Amino acid sequence: MVARSSSGAACMWVLKSSDFLRLVNMPSHEELRRMGLLVQWQTGFFCIFVSHQWLGLNHPDPRGEQLPVLQEALRNLLAGSKLSVDAVSELFGHMISIKAEDLRLQESYVWMDWFSIPQDKLQPAQFSAVDDGHEPLGSSEDESAPSMQHTTSQQCYISKIPVFVELCNMFVVLVPHVRHTDTGATCNYGSWLSRAWCRLELWCKMLAQNASIPVVVVTAPDQLEFAVPSHWIDRPPHEGEFTFEADRDRISFIMKKLLKRKLQSLEDSDNLNTLRYFVARYNTLLGKPCPQRTLSSFLADFRFESLKCAKTVHGMSPMACAVLSGDAALISVLCDAGCDVDRPIETLHDLAVNTTGTPLVLAVSQGWRHEPVLTALLEHGADANAVNDWSYPVLGYCKTARSVELLVQHQADVNKQTAPAFIPPLSLACFNCAAPEVIAMLLKHGAHANPVRRGTAGIYPLANLAVYASVNPKSLTVADLLLDAKADVNMQYDSSHGIFRVLELVSRIRVMFGSTSPMAHLMAEWTTTPLGYASFFGNDEMVDFLLKARADPEIPNARGRTPIQLARSQRVLSVFSQEPR
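Residue numbers for the sequence shown, in our numbering: 1 to 581.
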C-alpha cells in the first residue's frame, strides 16, 4: 500500500503516458501540478518507473535530449515494436517471463523524479509514514539514520523511492548517448551505472518484493531491450559517484533498510540459497567491514543445521558463503573440517547471478574486495585452472590485476582453452568488462591478443570487448591495449565445422523463417569481425574507434553480410555514413 498523508491523498505522483507523449519540454513537479496533469497513484495503475542520469546540475534535461528519446521509444512500443531480452543473456538462459499482453502501455502512467518529486528544496514535509510496509528515511530509532528534523517534502519523497519502484510495473533505464551540459562528460549506459543514485534505484528494483519487474534499457528510440542484472549485481550504490557527498549517508541508510527487508522476506519464504547470498554480501553491499565469525555463529547466520549437513548443499555452500562474506579464517576452518575447496556452485537463477563454477570464481568476480579470501583458497589447494559449466576459466573473471597475479603464481594458464567453448581468459575478461589493469596484466603474462582457434566461434578478445562495450566505460582504453598487443582488427570468427557450424546453420534457418530471437540473429551472424560485433550490438563509439583503427567495413561474414548490414540502430548507421570510404 502506498504511503499517504494525513488527508488520505496518495503521495506517489504520476503522469498519464498520453500526456507524457505530448510534452514539448520537461516541466517540473510544481509546473505539472499547476497544469493539473499529475495524478495520484491508485491500485490498478500500470506504472513505468524511469531511471535516468541528470544532464545538468539543476535540470535533468536542459537541452531536451532525453525526453524525445523516451517519447519516441514509447510510441514505437505502442505501435507494436517487440521487446526481447538481449542476445547474450538469452544465450546464457536468462529469460524474461513477462508477456506482451501484460504490458498495458496504452493506459500506463509514468513516474520520473523531476516531475514526480517536488523540486522546491525548502518546502516543509507534507506527509508522514503510515502502514505501507516501508518506513520513511530516518523514521526508525536507528542511530545511524540521517537526521530528519526540519526535513523537506522533497527529502520525504526521495525516501519513498523504494515504495515507488515497488508499485511500478516496469523499470525503464533511459540512457541515450549525450553530453552533460555543465561538465561535458559523456552520459550513456555505462555512466548511468556509475551513478550512486541510479544504482540505488536499480537496487530498489532488485530487492523489491516483486523482483520480477522487467527492466527495459532504452539507449535510442530504436534500441530497447529487456535486461538482466549480470552487470549490476557487483555495483553497490555506496561505491558509485556522488554529486553531493551529503547524499552518501542517505543512500546507505535506504540500502540498509532494503537489505533488511529483503532478508526478512527470504527468511519467511524459506528461500535459503538467496538468503545465504544476501547474508554473505550484506556488509560488502553496505561498505562495512566483514564480520569474523566463529564456526558456530557462521552456521547459525547462514542457517546451516550442522557442518555435516552443510557439506551436502549444492547451491550457496559453506565455502561459497565464506568467500562472499570475506571470511578467510573460516575458509581454513572449513577446509580442515573436510569441505571441498573446489566443489562447484550452482547458479542463483532467481537473481540471474552467475555463481556457477568453483569458489574461486566467486572469489575473483564478487569477493575481489577481500584479497585474503583468494589467497586462502589457493593456499588450500584450489585449482587455479578450474573452469565452470561453460568451460570458462577462472582467470577470465578477475576484477583486479592482483587477482591475476595470484592465480598466475599458482600456475594458472593465461591462454587456457577448454572444450567445448575453448574461450581463453583474455577473451572472457573482455566480455566481462574487466578493467584495463586486468587486461594489461593478462597481456603482461603472455595472453594472446589473437588466440589460436580451436573449434569455437567466440574466442577473439577484440570482438568480445564489443559485445558489452555500452556498459563498459573503459572499453576504448581496453581496445587500445589490445591493438598495442597487435590484435587483428579484422579477425573473423570461424565456425566452419563442429557444433558451432551446426548452431550457425540452424540459427540462419530460424532467421529465414522469421525468428525474432536476438540469440538466433547473433548466432546467424557471429562469423563477422569485431566491427561487425560493435555494429550488431549498437555501440557507435566502438564502431567509430574500430573504423579509425582501419577496420574494414566491407568484410562479409559467412552469411555474406557486412558490418554495416548488421547495424540495428540509426546512431551506428550515422557513424558509417560519416566515415570516408
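For glycine and all other residues, C-beta sits at the position ideal for the given N, C-alpha and C.
If you're wondering where the values come from, they're calculated on a predicted model, not measured in any experiment.
Can you give, in chain order, each stretch of the alpha helix (DSSP H) that sits fully within the segment 158-242 and has at least 4 residues?
161-167, 189-194 and 196-206
Check whether the segment 103-123 and the segment 9-21 touch, using three or more Cβ-Cβ pairs below 8 Å as the test.
yes
Residues near arginine 559 in its chain [Cβ-Cβ closer than 7 Å; skip 5 each side]
For the purposes of this step, residue 559 is taken as residue 559 along the sequence shown, with counting starting at 1. Closer than 7 Å at the Cβ level, and outside the excluded window around arginine 559, lie Arg508, Ala524 and Glu525.
Can you name the start and end residues of the beta strand (DSSP E) that lysine 16 belongs to?
Here residue 16 is taken as the residue at index 16 of the sequence shown, counted from 1. It spans 13-16 - the beta strand (DSSP E) in which lysine 16 sits, taken as one unbroken run.
Grab the span of the beta strand (DSSP E) containing serine 108 for me, first residue to last.
As a position in the sequence shown, residue 108 is number 108, starting the count at 1. Counting along the chain, the beta strand (DSSP E) containing serine 108 begins and ends at 108-112.
First and last residue of the uninterrupted beta strand (DSSP E) at isoleucine 48
To locate residue 48, count along the sequence shown from 1; it is residue 48. 46-52 is the span of the beta strand (DSSP E), which, as asked, contains isoleucine 48.
May I ask you to verify whether the segment 374-384 touches the segment 417-427, counting CB pairs closer than 8 Å and requiring at least 3?
no
Within the 7 Å Cβ cut-off, does alanine 419 reach chain D?
Absent from the structure: chain D. Only one protein chain is present.
Counting only the same chain and skipping the five closest in sequence on each side, list residues whose C-beta sits under 8 Å from that of cysteine 321.
Numbered from 1 along the sequence shown, position 321 holds the residue referred to as residue 321. Arg276, Val279, Ala280, Phe298 and Phe302.
Less than 7 Å separating the beta-carbons of tryptophan 192 and valine 175?
For this step, residue 192 is matched to residue 192 along the sequence shown. For this step, residue 175 is matched to residue 175 along the sequence shown. Contact: yes.
With distances taken Cα to Cα, identify the nearest neighbour of threonine 183 among Lys205, Gly56, Tyr460 and Leu207.
What you label residue 183 is simply residue 183 of the sequence shown in a count that begins at 1. Residue Gly56 is the option with its Cα nearest to threonine 183.
What residue does the beta strand (DSSP E) around valine 39 start on, and which one ends it?
The sequence position of residue 39 within the sequence shown is 39, counting from 1. Residues 38-40.
Excluding the 5 residues flanking glutamate 437 on each side, which residues of the same chain have their C-beta closer than 8 Å to its C-beta?
Stepping through the sequence shown from its first residue, residue 437 is reached at position 437. Taken in chain order, the residues that qualify are Thr400 and Ala401.
Give me the Cα-Cα distance between cysteine 290 and alanine 329, rounded to the nearest whole angstrom.
As a working note, residue 290 is residue 290 in the sequence shown. As a working note, residue 329 is residue 329 in the sequence shown. When rounded, the distance between both Cα atoms is 12 Å.
Within 10 Å of its beta-carbon, does cysteine 309 have 16 or more other beta-carbons around it, so buried, or fewer, so exposed?
Looking up residue 309 in the sequence shown gives position 309. It is exposed - the Cβ of cysteine 309 has fewer than 16 other Cβ atoms within 10 Å.
Could you give the residue range of the alpha helix (DSSP H) that holds isoleucine 439?
Taking the first residue of the sequence shown as position 1, residue 439 is located at position 439. Per DSSP, isoleucine 439 belongs to the alpha helix (DSSP H) from 436-444.
Do leucine 334 and proline 318 have their C-beta atoms closer together than 7 Å?
Translated into positions along the sequence shown, residue 334 becomes position 334. Translated into positions along the sequence shown, residue 318 becomes position 318. Contact: yes.
Assign threonine 274 to one of two classes, buried (16 or more other C-beta atoms within 10 Å of its C-beta) or exposed (fewer than that).
Residue mapping note: residue 274 aligns to position 274 of the sequence shown, counting from 1. Buried, since its Cβ has 16 or more Cβ neighbours within 10 Å.
Could you tell me which residues DSSP puts in a beta bridge with glycine 357?
Position 357 of the sequence shown, counted from the first residue, corresponds to residue 357. BP columns for glycine 357 point to Ile345.
DSSP state of valine 414 mapped onto helix, strand, coil
Taking the first residue of the sequence shown as 1, we reach residue 414 at position 414. Correct three-state label for valine 414: coil.
Span separating the alpha-carbon of histidine 238 from that of leucine 207
Along the sequence shown, read from residue 1 onward, the residue named residue 238 stands at position 238. Along the sequence shown, read from residue 1 onward, the residue named residue 207 stands at position 207. Computed Cα separation, rounded: 16 Å.
Nearest-angstrom Cβ-Cβ length linking leucine 443 and leucine 481, presumed shorter than 8 Å:
Your numbering for residue 443 matches position 443 in the sequence shown. Your numbering for residue 481 matches position 481 in the sequence shown. Correct: roughly 7 Å between the Cβ atoms.
Taking the beta carbon of valine 471 as the centre, do at least 16 other beta carbons fall within 10 Å, making it buried, or is it exposed?
Here residue 471 is taken as the residue at index 471 of the sequence shown, counted from 1. Valine 471 is buried by the Cβ-count criterion.
Distance between threonine 477 and phenylalanine 545 (C-alpha atoms, nearest Å):
The sequence position of residue 545 within the sequence shown is 545, counting from 1. The sequence position of residue 477 within the sequence shown is 477, counting from 1. The alpha-carbon atoms of phenylalanine 545 and threonine 477 are separated by roughly 11 Å.
Can you give me the Cβ contacts of aspartate 327 inside the same chain, cut-off strictly under 7 Å, excluding the 5 residues immediately before and after it?
Start at 1 with the first residue of the sequence shown, and residue 327 comes out as number 327. Correct list, in chain order: Cys290, Gln292 and Arg293.
Go ahead and label alanine 300 buried or exposed: buried means 16 or more other beta carbons lie within 10 angstroms of its beta carbon, across all protein chains shown.
Counting from one through the sequence shown, the residue named residue 300 turns up at place 300. When all chains shown are included, alanine 300 counts as exposed.
Candidates Ala551, Ser325 and Glu267, of which the one nearest proline 372 by Cα
Translated into positions along the sequence shown, residue 372 becomes position 372. Nearest of Ala551, Ser325 and Glu267 to proline 372, Cα basis: Ser325.
DSSP beta-bridge partners of proline 372:
The sequence position of residue 372 within the sequence shown is 372, counting from 1. Answer is none; proline 372 lacks a bridge partner.
If I follow the unbroken alpha helix (DSSP H) through alanine 73, where does it start and stop?
Translated into the one-based positions of the sequence shown, residue 73 becomes position 73. Where alanine 73 is concerned, the enclosing alpha helix (DSSP H) stretches over 66-78.
Of the residues Pro553, Ala520, Gly538 and Ile439, which one's Cα is nearest the Cα of proline 492?
One-based indexing of the sequence shown puts residue 492 at position 492. Contrary to the premise, residue 492 reads as glutamine rather than proline in this sequence. Selected option, being the one with the closest Cα: Pro553.
Can you tell me where the alpha helix (DSSP H) holding arginine 402 begins and where it ends?
Sequence index remark: in the sequence shown, residue 402 carries index 402 (1-based). It spans 401-409 - the alpha helix (DSSP H) in which arginine 402 sits, taken as one unbroken run.
With three or more beta-carbon pairs closer than 8 Å as the criterion, would you say the segment 47-63 touches the segment 30-39?
no
Pick from Met519, Leu503, Leu522 and Ala440: whose alpha carbon is nearest that of leucine 483?
Along the sequence shown, read from residue 1 onward, the residue named residue 483 stands at position 483. Ranking Met519, Leu503, Leu522 and Ala440 by Cα distance to leucine 483 puts Ala440 first.
Exposed unless 16 or more other CB atoms sit within 10 angstroms - verdict on serine 153:
Your numbering for residue 153 matches position 153 in the sequence shown. Per the 10 Å Cβ criterion, buried.
Rank Glu166, Asp494, Ala485 and Val489 by C-alpha distance to the C-alpha of valine 452 and give the top, closest one.
Stepping through the sequence shown from its first residue, residue 452 is reached at position 452. With distances taken between Cα atoms, valine 452 lies closest to Asp494.
Selection from Asp270, Asp389, Leu263 and Tyr157 that minimises the alpha carbon distance to asparagine 283
Position 283 of the sequence shown, counting from 1, holds the residue named residue 283. With distances taken between Cα atoms, asparagine 283 lies closest to Leu263.
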